[in-house]
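Heads up: the structure comes next, in structure tokens.
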Amino acid sequence: MTRLELLQRISVDPKICSGKPCIKGHRIWVSLILDQLASGWSFEDVKENYSGIDDDDIRACIAYGAEMSRDRYVDVLSSDDE
7 MTRLELLQRI SVDPKICSGK PCIKGHRIWV SLILDQLASG WSFEDVKENY
57 SGIDDDDIRA CIAYGAEMSR DRYVDVLSSD DE
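Counting from 7, one number per residue, gives the positions in the sequence shown under the working numbering.
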């Protein structure tokens, strides 16, 4: 599946979840899935906890996060800054 095909699995609709990016057909935020993956969850863990989504939905969330990071940057504190 291409990057563009994956991104088509993400929906941004002001009427759904206050416009937060979600997996199309679900009210599952992209950021929630990315947070779970970052905390160590496997694809299987995600699918067990959020029924109805598949590997391509999870990959779509990762692709969306990658796309967002091309244009938007967040300052991240290093341990030296604390």
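Built from N, CA and C at the ideal position, the CB exists for glycine as well.
In this structure, does DSSP put residue i in helix, strand or coil?
i: residue 29; result: strand
i: residue 75; result: helix
i: residue 24; result: helix
i: residue 37; result: helix
i: residue 59; result: coil
i: residue 81; result: coil
Going by C-alpha to C-alpha distance, which of the options sits closest to residue i?
i: residue 74; options: 27, 21, 20; result: 27
i: residue 10; options: 23, 83, 68; result: 68
i: residue 7; options: 63, 55, 57; result: 63
i: residue 31; options: 80, 59, 47, 71; result: 59
i: residue 71; options: 38, 61, 45; result: 38
Which residues does DSSP list as the beta-bridge partners of residue i?
i: residue 16; result: 29
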